[in-house]
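Protein chains in written order, with the numbering used here: chain F, 1 to 378; chain D, 1 to 306. Quick reminder that beta carbons are idealized off the backbone N, C-alpha and C, glycines included. Report on the following structure.
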């Protein structure tokens, strides 16, 4: 019992009775004929690090701007902490935003930038200075306090922008591509720092990103968006291991898709006749009627590769090695199946490369177990 | 071969740098410094019944004796005679008032253009620049027709019944203000527009996000960031207006004495080239010195801030 309570505290979305902190209720935003956000409903809980993930133009930024109040929804309502904020202008919302361009005020020092929001709230000077000091301290930019934005590096500006948006202790912090402008190395270290900061402050973060790795590393949950709609909302693990549609499966990581139709059902497994030949056996909890067109999605690292097919194996695919890409830690093999389909798989290089037996043009067998992938209907 | 190719570009670069710097310097020297020196020379001469009507700066008197004559009386006259001081003060005053009026009128217009939709922006800019297609002189003459006692403005006001008798606007300082503001408004709007379009709209969103109402955001973010545009526009209006001649001559009256008018009178009516030149030199000093000082101050402040 105690365990389940714990789990509910850590994963409030599992608890049907938990009140959402941010509730997006059937929000639509239309620009002319374009549905930038199309009937989106979403519940985000207190303390979450929530990511809106999608390629550019999928509506994730518009959704964030709706939350900030820069855009007014065509229809639908937005609630924060139980209060309907749909009609509340941005300057009165308990929400702050970190802009993709950082949007630091160029005519103000770092200190004045961070203090700006507190000044608007008419907080007494002494308290204001304390809060600014705290924020500068928290983000380790105290020694930059007298500098102007044009005298800062990209990473330093990012910290100032973060300090400024956190200074008002918002109920919700919106981050638009927070790491987008940083170089790769800095981005990786900042990811962890951002998560630590969020856990320490307990502020609910909603971030927009097109970088799936970034979303996977930082988020409690991810919403995958496409064409203004949310395709799937789940934890990074669930999104990766159990995508619910082809879009999510293909958007996050690499995946091999085998199209076919259901020919037999037995207990929790289905038998699928693949278009490219062969019969696949997969675990599925959905009651697919016979004849349903489905797609089997298998991640490249969940497959086994052998020179000869194992005698008792299901899901066997024969083919020849067409391409090998050696990446150091792993190697990617591209295998052309006898049915003509290209299958990609990754193998960890346990052995030094020179001792590996597989080579180009070699006939091989690809195998996977019925629980290694998912059966998709969309 | 490698030797020559290695050295060749360097020499070439030096030459191209010399040309790049040299051309503008040459231009300034020929069309600014040289005329200035000539005017400076005339300003320290005396009037003479000659062609040109002033004495030479130097003269060979006898064997090996060079006589240089520097006459500072013109400058002393300008200093002592109240009419010149009054003209200078009035010119500066008119320029100041007109600059402020241009700023007050031009800023909202520049802001409106900068925030208009892309398609309408070009049209609005066109409208600002359109008057330049007609001669400046003709446009000022047109104002005589408007401001006359039986001109368009008075007729309209009489027709409305706001006034009983025509207002005397033409040949007053008010007419000068109207003419100057009308003529110089584009010079205020264009640099302001250029400045305001470069303003990142995200900055205003950030201000709003941090709790700033729109009006306050304007005063806290937009206005301070448009300072360079305000300074550029103000300078483009203020400096030429101080020396403006055509508008006060055509629209102004006897009370609206400005330096430009005075200078013209000395030069053409009184044939007193040295005094006219001295006025021009003083005018330049009055305009240039404060701006140089201001720029210095600004630079020092910027350096102190960084």
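- Listed along chain F, the residues sitting closer than 7 Å to residue 206(D) by beta-carbon distance are 99 and 103.
- Using a CB distance cut-off of 8 Å, residue 117(D) does not count as an interface residue toward chain F.
- Partner residues in the beta bridge of residue 51(F), as assigned by DSSP, are 207(F) and 222(F).
- Close to residue 221(D), with beta-carbon spacing below 7 Å, are these residues of chain F in chain order: 105.
- By the rule that beta-carbons nearer than 8 Å mark a contact, residue 43(F) does not touch chain D.
- The CB of residue 202(D) comes closer than 9 Å to the CB of 99, 100, 101, 102 and 103 in chain F, given here in chain order.
- Here residue 166(F) is near residue 173(F), since their CB atoms are less than 8 Å apart.
- Under the three-state reduction of DSSP, residue 187(D) is assigned to helix.
- Remark: C-beta atoms of residue 51(D) and residue 58(D) do not approach each other more closely than 8 Å.
- Spatial neighbours of residue 197(D) in its own chain (CB-CB distance under 7 Å, excluding positions within 5 residues in sequence) are listed in chain order as 114.
- Using beta-carbon distances, residue 212(D) counts as an interface residue toward chain F, with a partner under 8 Å.
- For residue 295(F), the three-state secondary structure derived from DSSP is strand.
- At a cut-off of 8 Å between beta carbons, residue 40(D) makes no contact with chain F.
- Residues of chain D with a Cβ closer than 7 Å to the Cβ of residue 120(F) are, in chain order, 210, 211 and 212.
- The Cβ of residue 224(D) sits closer than 8 Å to at least one Cβ of chain F.
- Between residue 111(F) and residue 128(F), the C-beta gap is not smaller than 8 Å, which leaves the two residues out of contact.
- In this model, residue 33(D) and residue 144(D) are separated by some 37 Å (Cα to Cα).
- At a cut-off of 8 Å, the C-beta of residue 168(F) has a neighbouring C-beta in chain D.
- With respect to chain D, the C-beta atom of residue 149(F) has no partner C-beta closer than 8 Å.
- Residue 227(D) sits exposed, since fewer than 16 C-beta atoms from the chains shown fall within 10 Å of its C-beta.
- Think of a sphere of 7 Å around the beta carbon of residue 154(F): no beta carbon from chain D falls inside it, the nearest being about 16 Å out.
- Secondary structure note for residue 333(F): its beta strand (DSSP E) is the uninterrupted segment 330-337.
- Taking all protein chains in view, the Cβ of residue 350(F) is surrounded by fewer than 16 other Cβ atoms within 10 Å, so the residue is classified as exposed.
- Bounds of the alpha helix (DSSP H) holding residue 158(D) are 152-160.
- The C-beta of residue 291(F) has fewer than 16 other C-beta atoms within 10 Å across all chains shown, which makes the residue exposed.
- Against chain D, the CB of residue 274(F) has no partner CB under 8 Å away; the residue lies outside that interface.
- Only residues of its own chain outside the window of five on either side were considered, and among them 23 have a CB closer than 6 Å to the CB of residue 79(F), listed in chain order.
- In the DSSP annotation of this structure, the continuous segment of the alpha helix (DSSP H) that includes residue 61(F) starts and ends at 60-68.
- Within its own chain, the residues whose Cβ lies closer than 8 Å to the Cβ of residue 103(F), once the five positions on either side in sequence are excluded, are 161, listed in chain order.
- Residue state for residue 269(D) is assigned as helix, using DSSP reduced to three classes.
- In terms of Cβ geometry, residue 56(D) and residue 259(D) do not form a close pair [threshold 8 Å].
- Between residue 249(D) and residue 96(F), the gap from beta carbon to beta carbon reaches 8 Å or more.
- Selection 158(F), 35(F), 81(F) and 13(F) evaluated against residue 62(F) yields 35(F) as nearest (Cα-Cα).
- Between residue 206(F) and residue 44(F), the beta carbon gap of about 6 Å places them in contact (Cβ cut-off 8 Å).
- When C-beta atoms of the region 226-243 of chain F are compared with those of the region 251-268 of chain F, three or more pairs fall below 8 Å, so the two segments count as touching.
- Beta-bridge partners of residue 374(F) (DSSP): 297(F).
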